[in-house]
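Visitor: Numbering (our numbering), first residue to last: -8 to 115.
Positions of the beta carbon are idealized from the N, C-alpha and C atoms, including for glycine.
Since the structure is predicted, the reported quantities are computational estimates derived from the model, not experimental observations.
(1) Would DSSP call residue 50 helix, strand or coil?
(2) Considering only the alpha carbon of each residue, which of 75, 53, 31 and 48 lies closest to residue 65?
(3) My output table needs one value for residue 69: the three-state DSSP class, helix, strand or coil.
(4) What does a CB cutoff of less than 8 Å around residue 133 pick up in its chain, not counting 5 residues either side in sequence?
(5) What is the DSSP secondary structure of residue 86, counted as helix, strand or coil?
(6) So is residue 38 in contact with chain D if we call contact Cβ pairs under 8 Å?
(7) What did DSSP end up calling residue 59 once you bin it into helix, strand or coil?
(8) State the DSSP-derived secondary structure class of residue 29, mapped to helix, strand or coil.
(9) Flag this pair as yes or no: are the beta carbons of residue 57 and residue 63 separated by less than 8 Å?
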């Protein structure tokens, strides 16, 4: 009697799926891909929703025919970006100093100095 998996392994693409370990990894990869796609669609939906909700409030600020080329609120909207970046930097530095940097040197330090342990506040 022929083993169906043996004949299936001869097909290049199906042969990869016939292996147990590889099939599991491919299934998990497919789940992650679907999750990322759903998350991206949700992000686009939320951005569009907030755009529609806030357009009556902020839309006239950016219309030169309504307020001219300069309006103080327009400057405040653009100034909020660096203020938000500074606030995020301060919060990270004050309450979670282990998240500073690009992560490479901190990972090496965690492996060599702390035996691979990462602080509980830095890991969700």
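Guide: With the structure as the only source:
(1) coil
(2) Of the residues 75, 53, 31 and 48, the one whose Cα lies closest to the Cα of residue 65 is 53.
(3) helix
(4) The shown model of the chain, from -8 to 115, leaves out residue 133, and the question about it has no answer.
(5) helix
(6) Although the question refers to chain D, the structure presented lacks it and comprises just one protein chain.
(7) coil
(8) helix
(9) no
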